[in-house]
Each structure stands twice: as C-alpha cells, then as structure tokens.
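A.B. asks:
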Amino acid sequence: MDAGGGRRVPRRAERKNREEEKKRLTALLSVGHALRERRHFTEADVAAYAAVSGDRNPVHLDDAVARELSGFQRGRVVHGMLVDSLFPSIIAARFPGAVYASQTLKFAAPVYVGDEVVARVQALHIRTTTADSTTASRYVVKFATKCFTDEEEGSLAIEGEAMAVLPTLELSSDSTTK
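For the sequence shown, full-length UniProt numbering gives the first residue as 1, with consecutive numbering after it.
1) Can residue 162 and residue 107 be called in contact, C-beta distance under 8 Å?
2) Any idea what DSSP makes of residue 28, helix, strand or coil?
3) How long is the line joining the alpha carbons of residue 166 and residue 125, rounded to whole angstroms?
4) Residue 51 lies in the beta strand (DSSP E); which residues open and close that run?
5) Just curious, the beta strand (DSSP E) that residue 114 is in, first and last residue?
6) Can you find at least 3 beta carbon pairs, one from the segment 47-56 and one from the segment 74-86, that sit closer than 8 Å?
7) Residue 110: buried (16+ other C-beta within 10 angstroms of its C-beta) or exposed?
8) Quick one: grab the DSSP three-state call for residue 125.
9) Could you check where the beta strand (DSSP E) with residue 166 kicks off and where it finishes?
10) Taking the C-alpha atoms as reference points, what is the distance between residue 146 and residue 38?
11) Using only CA atoms, which one of 94, 172, 131, 156 lies nearest to residue 116?
12) Measure from the alpha carbon of residue 141 to the alpha carbon of each residue in 96, 130, 100, 57, then state which is nearest.
13) Whose C-beta lies closer than 8 Å to the C-beta of residue 164 among residues of the same chain, with five residues either side of it excluded?
14) Among 104, 28, 114, 56, which has the Cα closest to the Cα of residue 42?
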C-alpha cells in the first residue's frame, strides 16, 4: 500500500504505462517529423502515366530523343509529376481522409527510368482549425517536400512545399523520423 491508503502499483506496471504513454505521444505528428517513401520507377510506370495523363513527350518514352535532342545522357526521364505524386501518397497513407491543398515544386535534377528515389515530407508548421463547437478540429500542416535519387539523400531531384488539411495528427503508420 502507498501512504495514501491506496494500492501500490508494481514498478513493472508503472514502466509499461510510461512506455504506452510514450508510444501514444510519439505517434502524433509534430513539427520536425519526417515521413519517407522509397520507390523504384519502371518503364511500365512511365508508360501507364503517359497513357493516363496524355503526356507522351518523347523524352519520357524514347531513349534516342531523350539523349540526342534533350541532353538526358542516361536516356528516358520519369515524368516530374509522376515523381511528385509520391508526396500526397505519403500523406494520404499516414493520414486517411487528408486533403492535399497545395504544392510548389522545383525540379532540380532528372529522375531516370529505373531509378530508385526517396521522397520525404517534413512537417514545418501545424495550425489547428475548428469551424465551430460542433465540428471536429482539423490540422493545416505545411510540409517541406524533397525527393532524392539516392539512398543517402544526397542527389536532390525535386523540392518544394505542400499544404494539407489533416483530420488528425495521429499517424496510422510507424514510419516517422525526427
């Protein structure tokens, strides 16, 4: 018993409660958290995107044109918007019901067919909004968005910023890093 006459909680239970609380707290998005996704872009990905989007620019579909006319020494390049689609994909996968509101982009280097990329979104600012007392809070989050063409995040391909409206800050996946 403790001094207050109540039952004493065993140390193991206290430790477990602290660990559960820590897990709960770290499962919330906060400023500085980064979410990543790795993706390998194939010929089939590029062909499917060209068919769906109507963007049949030969730099995406013809090695000779990409090399000789456009100067892409390694050949065909992946559509920039296909690579960019990783950013809203990362957010939607971790926050079901999220609404992707805006995105700025700067294409810094090409992504070639066959390349593996690492896309990263990092929370820069979080603002809580509520329309009135009867509606649930929503969270407007500004993200830095970057895509790299190597595992060490050294070759920047795309960078920008995104704004998304999230129904919760609870992550549905454990793929966060600070």
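For each residue, glycine too, the CB sits at the ideal point set by N, CA and C.
The structure presented is a predicted model; accordingly, all values stated were derived computationally and were not measured.
C.D. replies: So, to answer that:
1) no
2) strand
3) 13 Å
4) Per DSSP, residue 51 belongs to no beta strand (DSSP E); it is in the alpha helix (DSSP H), 43-53.
5) Unbroken run through residue 114: none, as it is neither H nor E.
6) With the cut-off at 8 Å, the segment 47-56 and the segment 74-86 touch.
7) buried
8) strand
9) 156-166
10) 12 Å
11) The residue with the shortest Cα to Cα distance from residue 116 is 156.
12) 100
13) Cβ within range, chain order: 88, 91, 95, 98, 99, 100, 101, 140, 141, 143.
14) 114
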